[in-house]
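Please read the structure below before turning to the comments.
Residue numbers (the UniProt record's numbering): 1 to 778.
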């Protein structure tokens, strides 16, 4: 360092410590500890998490979260940067240092950062013309404060463009603690990953049943042997339903017209009223032309007709007697779509067939767990054809063509959302990916494929039409699209305040939907119309009410030990009871005389996909609540009275009958019935106050009895469907070959969507890692 005489400004050395610049006769000025909390939290005297913006400001919706500029004393400046203070000239001109901009973390502390502040701080006239008498002057302090403030400003601008990694080295994917709710870890089964919204994640809340059934499999108890018999017979029934499939015989299995008329009418009065796919007058004309000369019919219409009949067959009778034929029609549609040339399928009719195929695969049980994959092809084909753009932006077209495109896009959006929910996957679309407007509130006979020069205006929204239900559902789609994306986001936790906010918006949307459909149904009935019936209203409500389960199920595990999360537990139970009431499982008898109610009862008895998953998920929440009530954990919030035991038990008893009816209707799996019976056995044992060993025996005994009842029901199905009598009862020799492999408890019980995992594997894989998946539980 260059020696200076008294009165001269000290010279500066690159890379030197700022403390060496102070005169030896002048003591270093003490600085108060810089505040780390933001100014808003300091004023409110609350703890700040030091993020930018901080959590409190985010929840309070404060537009600006600012931190006071922090001055770092020279003696504590530990910067090792090569850019240091420059030597002051003897002419008395003070040169300010050029230094790397300090990087501020969420708490406001400095650290290393690659960003460098290049702006030169403003200086006063005096400081630019005369030397500073001392380095610790007010002017020097203001310059440092200005630099710190400037760094804050630059980092805020950078953070608004890109994500700045946590300088503290925290894992950006780590789950938060406290009042945030971590997402479930999801479930891996063979080659598939089931995200948080998938119903199977609810089984984490019933560890006792799964642990016992897994142990029974390992020990080859009676329940295991009974279920293996059911599995063996179920495989033979499914094999007997398979029919030869040939591309040369597509469309050759149309039934007689009398039966075809019934199946088509079944579809048009039910599914078509919710998911608008067809223009009914046009379809009726093509249908009449088909029967005039079936051999001259276009193959695309024949495939479309077969899918409509497959959906209509699900509600044709109580036992789904046409299940094998419906499955065959679905397979033929898949084969036709695969045949070249593919470009010929890229039409409005092709889009309609793909929409019908997704619905038929789900309802008829043909790879219902893979509809999300099929949905990806449908979304991309629709966007390739421009359905995501509003017709008025694509050139002039008739009102008929424009409205058909809008209706199909609205149907694709809803199918995409429901398929993503069932698969536990992210939706394939965002609200910014399309600008197609909602369809007009018009009946089909008001759409004419002619250029009349006048664009039809839709009727008022309170007038019931054939598009009213679709429009009522579509109104809440942006909310549900955002909600399912957040639910299945595996990267970060969700603050509980965010869950409560979404719950409030979802509650409002559900109330508006129920009120709207109730008013429309009343007007329709009073006017003597048949546009809106019980089936339409029920399907629309289950589309919305099921979202309460996915939104709150991550917080239920915490609610047993922390009453702050009791609201989530209650919301799941209330929505479950609402859905079970639609299912007719609330213990009250259904009025099957109401128009559309018998159709809905048949689809929940015969159909698969969401008509099965939603009911099972709801039953799980009821079983969890009742079991914990019996264990003495039924504390409520005070203003929310607890549900009576008898009401909850009545739901489970009705569900026990429902699951057995599904087996009699042709479902080849009895484990749904077995698990409900196990839960009831658990509840009865807890009610009787039995010791834990006796409770375990009661659960296994109830499961074994239900498995034997399912075996009897499957024998009835085998006899009805013509399975050879010598194959309808598993022989001991056959059982020997089956028992060498895992039972695949979850695979079968999940109805062929999780093959390859046994009870024992499931209990180990799920509950072994549950502590990481659900913090605060167990």
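C-beta atoms are modelled at their ideal positions from N, C-alpha and C, and glycine is treated no differently. Values in this document were obtained by computation on a predicted structure and should not be read as measured data.
- Contact check between the stretch 438 to 451 and the stretch 467 to 478: three or more CB pairs, one atom from each, fall below 8 Å, which counts as touching.
- With contacts defined by Cβ atoms closer than 8 Å, residue 665 and residue 320 form a contacting pair.
- In the DSSP assignment, residue 193 forms a beta bridge with 188.
- No Cβ-Cβ contact shorter than 8 Å links residue 476 with residue 276.
- Assigned with DSSP and collapsed to three states, residue 494 falls in strand.
- Check the Cα spacing between residue 701 and each of 712, 493, 714 and 679: the tightest is with 679.
- By alpha-carbon distance to residue 713, the top candidate from 292, 686, 675 and 669 is 669.
- Under the three-state reduction of DSSP, residue 708 is assigned to helix.
- Here the stretch 423 to 436 makes no contact with the stretch 237 to 249; the two share fewer than three CB pairs at distances below 8 Å.
- Judged by beta-carbon spacing, residue 349 lies beyond the 8 Å limit of residue 361, meaning their Cβ atoms are not closer than that value.
- For residue 68, same chain residues with a beta-carbon under 7 Å away, outside a window of 5 residues either side, are 35 and 39 in chain order.
- With contacts defined as CB atoms closer than 8 Å, residue 334 and residue 251 fail to qualify as a contacting pair.
- Here residue 594 has 534 as same chain residues with Cβ atoms under 6 Å from its own Cβ, once five neighbours each way along the sequence are excluded.
- Counting C-beta pairs closer than 8 Å gives fewer than three between the stretch 292 to 300 and the stretch 308 to 319, which falls short of the contact rule.
- Membership of residue 65 in any alpha helix (DSSP H) is not indicated, and neither H nor E is assigned to it by DSSP.
- In the three-state DSSP reduction, residue 314 falls in the coil class, being neither helix nor strand.
- Along the stretch 456 to 536, the alpha helix (DSSP H) occurs as fully enclosed runs of 4 or more residues at 468 to 474, 477 to 487 and 496 to 526, listed in sequence order.
- Where residue 281 is concerned, the enclosing alpha helix (DSSP H) starts and stops at 280 to 292.
- Our two residues, residue 144 and residue 42, have alpha carbons roughly 22 Å apart in a direct line.
- Pairing residue 602 with residue 315 gives a Cβ-Cβ distance under 8 Å.
- Just so you know, the alpha carbons of residue 406 and residue 208 end up roughly 49 Å apart.
- The three-state reading of DSSP puts residue 444 in helix, counting H, G and I together.
- Between residue 544 and residue 509, the C-beta gap is smaller than 8 Å, which places the two residues in contact.
- Within the same chain, 440, 441 and 442 come within 7 Å of residue 458 by CB-CB distance, once the 5 residues on both sides are set aside.
- Of the candidates 532, 192 and 384, 384 places its Cα closest to the Cα of residue 409.
- Contact check for residue 491 against residue 449 fails: the beta carbons are separated by 8 Å or more.
- Note on geometry: alpha-carbon atoms of residue 607 and residue 343 lie some 33 Å from one another.
- Residue 566 sits in a helix when the DSSP states are folded into three classes.
- Sixteen is the threshold: when 16 or more other Cβ atoms of the shown chains lie within 10 Å of the Cβ of residue 571, as they do, the residue is buried.
- The DSSP-derived three-state label of residue 305 is helix.
- Put simply, the stretch 321 to 333 does not touch the stretch 616 to 626. Fewer than three CB pairs are less than 8 Å apart.
- Close CB contacts of residue 280 within its chain, under the 8 Å cut and outside five residues either way in sequence, are with 268, 272, 444 and 466 (chain order).
- Excluding five sequence positions before and after residue 366, the CB atoms of its chain that fall closer than 6 Å to its own CB belong to 327 and 330, given in chain order.
- Comparing C-alpha distances from residue 513 to each of 496, 528, 538 and 530 shows the shortest one belongs to 538.
- For residue 384, the enclosing alpha helix (DSSP H) starts and ends at 371 to 384.
- Sequence-distant Cβ neighbours of residue 659 in its own chain, meaning closer than 7 Å and more than five residues away, are 672, 673 and 676.
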